[in-house]
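Residue numbers for the sequence shown follow my numbering, beginning at 338 and rising by one.
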Amino acid sequence: FGCEILVHDQVENSDLIDHYNVQYCSLEHLVKTADIISIHIPLNSDTKYLFNKELIHQMKMGVMLINTGRGGVLDTKAAIEGVIDGQIGYLGLDVYENEKGMFFFDHSKQQEKDPLFAKLLSLNNVFVTGHQAFLTETALQNIADSTIYNLDCFQDNVVSTNAL
338 FGCEILVHDQ VENSDLIDHY NVQYCSLEHL VKTADIISIH IPLNSDTKYL
388 FNKELIHQMK MGVMLINTGR GGVLDTKAAI EGVIDGQIGY LGLDVYENEK
438 GMFFFDHSKQ QEKDPLFAKL LSLNNVFVTG HQAFLTETAL QNIADSTIYN
488 LDCFQDNVVS TNAL
């Protein structure tokens, strides 16, 4: 699309640099300069609320923020404040920090009990997909392939490369 792709990660991937001309940078530089920020990181003690009020206020005014990683990486209250004050122009969420028991059920006939989620749904520039990002043919094939691979490793008494 003719855009500059900035990436922040602990480990640089030379294939991304070579094939897609991405530029690795600090998280601070990324949030200050990017028009669109897409989050794809796991949730752990280092990433819990990594995208908090302070980081959101460093973002460009009107930024599009998309989280398909884990809900707890984004401080939902801070994100709502960012949407209301215009710091975040558009917010796309495939994950939500308090999502347990929320997605994959029909809640259309009941009032939303989670006030944070209800507030998100009331904002016209917030789009919530509820874990639809994993429902692609490629993602489901990868899940099936990994499952079969792990079962084969177990059967052959070999340590899987996916072992934790």
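C-beta: ideal position from N, C-alpha, C; glycine also.
- prompt: What residues in its chain sit with their C-beta under 6 Å from that of ILE373, if we drop five residues either side in the sequence?
  reply: In the sequence shown, the residue the question calls residue 373 occupies position 36. Closer than 6 Å at the Cβ level, and outside the excluded window around ILE373, lie MET401.
task: Return the CA-CA distance between PHE388 and VAL420, expressed in angstroms with no decimal places.
output: Walking along the sequence shown from the start, residue 388 turns up at place 51. Walking along the sequence shown from the start, residue 420 turns up at place 83. If you take the alpha carbons of PHE388 and VAL420, they lie about 14 Å apart.
query: Can the beta-carbon of GLN360 be found less than 8 Å from the beta-carbon of LEU380?
result: Within the sequence shown, numbered from 1, the residue matching residue 360 stands at position 23. Within the sequence shown, numbered from 1, the residue matching residue 380 stands at position 43. Their beta carbons are not under 8 Å apart, which means GLN360 does not touch LEU380 by this criterion.
task: Tell me whether GLN492 is buried or exposed, calling it buried when 16 or more other Cβ atoms sit within 10 Å of its Cβ.
output: Residue numbering aside, residue 492 sits at position 155 when the sequence shown is read from its first letter. Result: exposed.
message: Which runs of the beta strand (DSSP E) at least 3 residues long sit entirely within the stretch 369 to 438? Give them in chain order.
response: 373 to 376, 400 to 404, 425 to 430
task: Over the uninterrupted alpha helix (DSSP H) stretch that includes ALA455, give me the two end residues.
output: Here residue 455 is taken as the residue at index 118 of the sequence shown, counted from 1. Where ALA455 is concerned, the enclosing alpha helix (DSSP H) stretches over 452 to 459.
- prompt: Name the DSSP beta bridge partners of LEU343, please?
  reply: Working through the sequence shown from its first residue, we reach residue 343 at position 6. Beta-bridge pairing links LEU343 to GLN360.
message: Which residue wins for smallest C-alpha separation from GLU310, given the options ALA416, LEU392, LYS385?
response: Given a span of 338 to 501 for the chain in the structure shown, any question on residue 310 remains unanswerable.
query: Is the beta carbon of HIS377 less than 8 Å from the beta carbon of THR405?
result: Stepping through the sequence shown from its first residue, residue 377 is reached at position 40. Stepping through the sequence shown from its first residue, residue 405 is reached at position 68. A contact, by the Cβ cut-off of 8 Å.
message: Please report the straight-line C-alpha distance between TYR386 and GLY409, rounded to a whole angstrom.
response: In the sequence shown, counting from the first residue as 1, residue 386 sits at position 49. In the sequence shown, counting from the first residue as 1, residue 409 sits at position 72. Computed Cα separation, rounded: 6 Å.
- prompt: By the 10 Å Cβ neighbour count, where 16 or more other Cβ atoms means buried, how is MET396 classified, buried or exposed?
  reply: As a first step, residue 396 must be located in the sequence shown, where it is residue number 59. That one is buried.
query: In whole angstroms, what is the alpha-carbon distance linking VAL368 and ALA500?
result: Numbered from its first residue, the sequence shown carries residue 368 at position 31. Numbered from its first residue, the sequence shown carries residue 500 at position 163. Distance between the alpha carbons of VAL368 and ALA500 is about 33 Å.
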